[in-house]
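Residue numbers (the numbering used here), protein chains in the order written: chain P, 270 to 654; chain U, 309 to 639.
This is the structure we're talking about:
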């Protein structure tokens, strides 16, 4: 009897733990709980640019909140000298970061006095990434470019780099601001969110029902976009119906299965799928195509063009939203070069980044790449990454 | 084999002892480790420095701590796949009770470690009472505990801990990383427990023949319940250290860690079929993998190539060891 009681007690405890998290949460699953800042409603590109300008004016007020690399005696000598950089993206072996690497190599070639090596774990793991960066600090490099797997977890090791006089510039996924000097922001979260939601509403109507396939609920970029999508949809398309958010961990097989789950579970009720990663989007499109419901379910997502060409070219997917990751990597190297040369200082309002022209500074210590880019059947074949 | 040791030693029993030591599982592995370290040191002068080695000690502490109970468990012929998930669950409970429920931080730490221990206890309870095979039970809780962590956290990460909290994960004590002291003490204590106490002998006999152990009057169930709870406890302590080291809690912490731990234990000479294994072997396994990872990275080998090299070294080390142990068994 005693034993049975003990087991029952344990089971009850486990169940209680399960029941606890089911509390009311008004945001969609996978959204973070930070402040949201939805853009004005509307479809026009001009609108977006206008908002961008407002944003700049507003943000120029903010003071530089990045960190500073420790100054050694030889620091001034680095201006114009050959520098060795290491690039540590979230992981290697996926098209997206292959594209940022390509952009970095293009910039390095143009500049002529920069060499960049890309090295990162083969899985997006916070601890592995910390260890890779730590190794390069020990090995000694002039600068570190990074895309953080976690903004807080990566901060101590980046601060260590700054303390040892290594310049640190982030791109794609930010760290705590004081742990790096600058961050190249590929697109503001509210801009991407607006582009995604507008595309779905335009394709399936303002009362469409949709599911979301994301990486994990805690991945910072995805969580931020979902929060902004929730805010923007709430303002501009109150009749859009969110059904469910599923995690697929940037895994191809899992993404396909999660999209299938949405299709099977909601059937006729499902009008669209938002795919939040460059892995989830083509695999969700694949699931929709194999189910033969291209006409009934719109896949709108973030992805690299090469992965989406089959689906866009045969009409199963209309819009693919993204920025240009080649430009993102390219800009990061230009920012790093200017920082090392002392030409880009806290308080500057813009930076000249080669073929990209002048990029503006936002949020204190971020360099904005520009508005998001929509790949369609008309332009997707012009890109190769 | 007989010529491997020069006949210079005057005391033959000493030379025999030395030979036994060198050709034991741990001895062979230690030599492989020395060769690897010397080779890596010739590739880069940044590798064999005190600072770098201490930093590696910091990085390997969590895996090292969990590898101790994992050695116990694998010696009994069991396995615990849920350790990485328990680490994540502990981290989340710690952060959640502190930030959401407003517990004082020390109480949150205790609650976190208690829930990790309870998670291990539940594993053990089902394994001994219900008779679920350890592989199945812990595979199930690998998913269950991770799910709990994600559910409790509601995708939020707890941040903004006070400065003292980071002492364990980022601080130093007598110029050695704080958590490394914990690992050293744990290795010594639990190494002795395994090698020199009744508990240790009981674990080996359970691994060699569980039925025989039961008939010899050993309280097998109690021992098993203890080691799975112990595994939960150590994973929980590792979780606390991990949170203190990276300054944040996330529900995906420790994902895939069970494989790193099991690889180190098996590399250290613990048989996956139970009955043999030791803590010194396990620790050499943990250290060897960490030093290879770091040394290769410092010599300019990229991470994706590094895991290939580590995999190759693992197979090589196990083959060499099997070969030598086999020859010793014959002679």
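Yeah, the Cβ is synthetic: ideal placement off N, Cα and C, and Gly gets one too.
Note that the structure is a prediction, hence the values are computed from the model and not measured.
Straight-line gap, residue i to residue j (C-alpha atoms, nearest Å)
{"i": "residue 381 of chain U", "j": "residue 432 of chain P", "result": "43 Å"}
{"i": "residue 391 of chain U", "j": "residue 558 of chain U", "result": "16 Å"}
{"i": "residue 453 of chain P", "j": "residue 406 of chain P", "result": "21 Å"}
{"i": "residue 408 of chain P", "j": "residue 451 of chain P", "result": "23 Å"}
{"i": "residue 648 of chain P", "j": "residue 583 of chain P", "result": "14 Å"}
{"i": "residue 586 of chain U", "j": "residue 613 of chain P", "result": "57 Å"}
{"i": "residue 469 of chain P", "j": "residue 338 of chain P", "result": "44 Å"}
{"i": "residue 325 of chain U", "j": "residue 332 of chain U", "result": "10 Å"}
{"i": "residue 579 of chain U", "j": "residue 385 of chain U", "result": "8 Å"}
{"i": "residue 310 of chain P", "j": "residue 501 of chain P", "result": "8 Å"}
{"i": "residue 629 of chain U", "j": "residue 418 of chain U", "result": "42 Å"}
{"i": "residue 416 of chain P", "j": "residue 296 of chain P", "result": "26 Å"}
{"i": "residue 404 of chain P", "j": "residue 588 of chain U", "result": "27 Å"}
{"i": "residue 230 of chain P", "j": "residue 523 of chain P", "result": "Examination of residue 230 of chain P is not possible in this model, given that chain P is present from 270 through 654 alone."}
{"i": "residue 570 of chain P", "j": "residue 592 of chain P", "result": "12 Å"}
{"i": "residue 281 of chain U", "j": "residue 607 of chain U", "result": "This structure does not reach residue 281 of chain U, given that chain U is present from 309 up to 639, and the question cannot be answered."}
{"i": "residue 340 of chain P", "j": "residue 430 of chain U", "result": "54 Å"}
{"i": "residue 529 of chain U", "j": "residue 353 of chain U", "result": "51 Å"}
{"i": "residue 579 of chain P", "j": "residue 626 of chain U", "result": "46 Å"}
Whether residue i touches residue j by CB criterion (9 Å)
{"i": "residue 625 of chain P", "j": "residue 603 of chain P", "result": "yes"}
{"i": "residue 544 of chain P", "j": "residue 552 of chain P", "result": "yes"}
{"i": "residue 421 of chain U", "j": "residue 545 of chain U", "result": "yes"}
{"i": "residue 509 of chain P", "j": "residue 372 of chain P", "result": "no"}
{"i": "residue 554 of chain U", "j": "residue 446 of chain P", "result": "no"}
{"i": "residue 587 of chain P", "j": "residue 645 of chain P", "result": "yes"}
{"i": "residue 550 of chain U", "j": "residue 467 of chain P", "result": "no"}
{"i": "residue 461 of chain P", "j": "residue 590 of chain P", "result": "yes"}
{"i": "residue 570 of chain U", "j": "residue 337 of chain U", "result": "no"}
{"i": "residue 506 of chain P", "j": "residue 475 of chain P", "result": "yes"}
{"i": "residue 428 of chain U", "j": "residue 537 of chain U", "result": "yes"}
{"i": "residue 305 of chain P", "j": "residue 496 of chain P", "result": "yes"}
{"i": "residue 369 of chain U", "j": "residue 502 of chain U", "result": "no"}
{"i": "residue 601 of chain P", "j": "residue 376 of chain P", "result": "yes"}
{"i": "residue 440 of chain P", "j": "residue 573 of chain P", "result": "no"}
6 Å CB neighbourhood of residue i in its chain, flanking five on each side removed
{"i": "residue 573 of chain U", "result": "375, 378, 379, 382, 590"}
{"i": "residue 386 of chain P", "result": "355"}
{"i": "residue 556 of chain U", "result": "465, 467"}
{"i": "residue 480 of chain P", "result": "512, 513, 531, 542"}
{"i": "residue 521 of chain P", "result": "548, 552"}
{"i": "residue 430 of chain P", "result": "406, 413, 437"}
Spatial neighbours of residue i in its chain, beta-carbon cut-off 7 Å, leaving aside the 5 residues before and after
{"i": "residue 329 of chain P", "result": "Because the pLDDT at residue 329 of chain P is just 45, under 50, the model does not fix this residue reliably, and the point stays unresolved."}
{"i": "residue 323 of chain P", "result": "For residue 323 of chain P, the predicted model reports a pLDDT of 45, less than 50, meaning its position is unreliable; a value from the coordinates is still stated below. So the list is empty, once near-sequence residues are dropped."}
{"i": "residue 498 of chain U", "result": "376, 587"}
Whole-number beta carbon distance between residue j and residue i, since they are thought to touch under 8 Å
{"i": "residue 413 of chain U", "j": "residue 473 of chain U", "result": "6 Å"}
{"i": "residue 547 of chain U", "j": "residue 399 of chain U", "result": "5 Å"}
{"i": "residue 382 of chain P", "j": "residue 349 of chain P", "result": "7 Å"}
{"i": "residue 507 of chain U", "j": "residue 446 of chain U", "result": "That pair is no contact at about 21 Å."}
{"i": "residue 595 of chain P", "j": "residue 368 of chain P", "result": "5 Å"}
{"i": "residue 464 of chain P", "j": "residue 609 of chain P", "result": "With 8 Å as the limit, residue 464 of chain P and residue 609 of chain P do not qualify as a contact, their Cβ atoms being about 34 Å apart."}
Contact set for residue i: own chain, Cβ-Cβ below 8 Å, skip 5 residues either direction
{"i": "residue 707 of chain P", "result": "The question about residue 707 of chain P has no answer here: the residues shown for chain P are numbered 270 through 654."}
{"i": "residue 670 of chain P", "result": "Lying outside 270 to 654, the shown extent of chain P, residue 670 of chain P is not represented and no answer is given."}
{"i": "residue 520 of chain U", "result": "513"}
{"i": "residue 405 of chain U", "result": "411, 415, 416, 419, 420"}
Assigned secondary structure, residue i (DSSP; H/G/I helix, E/B strand, else coil)
{"i": "residue 427 of chain P", "result": "helix"}
{"i": "residue 413 of chain P", "result": "strand"}
{"i": "residue 431 of chain U", "result": "helix"}
{"i": "residue 489 of chain U", "result": "helix"}
{"i": "residue 328 of chain U", "result": "helix"}
{"i": "residue 516 of chain U", "result": "helix"}
{"i": "residue 596 of chain U", "result": "helix"}
{"i": "residue 456 of chain P", "result": "coil"}
{"i": "residue 477 of chain U", "result": "helix"}
{"i": "residue 224 of chain P", "result": "It is not possible to answer for residue 224 of chain P, since the shown part of chain P is limited to 270 through 654."}
{"i": "residue 534 of chain U", "result": "helix"}
{"i": "residue 483 of chain U", "result": "coil"}
{"i": "residue 616 of chain P", "result": "coil"}
{"i": "residue 484 of chain P", "result": "coil"}
{"i": "residue 523 of chain U", "result": "helix"}
{"i": "residue 387 of chain P", "result": "strand"}
{"i": "residue 406 of chain P", "result": "helix"}
{"i": "residue 456 of chain U", "result": "helix"}
Interface partners of residue i on chain B, CB under 8 Å
{"i": "residue 418 of chain U", "result": "Protein chains P and U are contained in the structure displayed, whereas chain B is not."}
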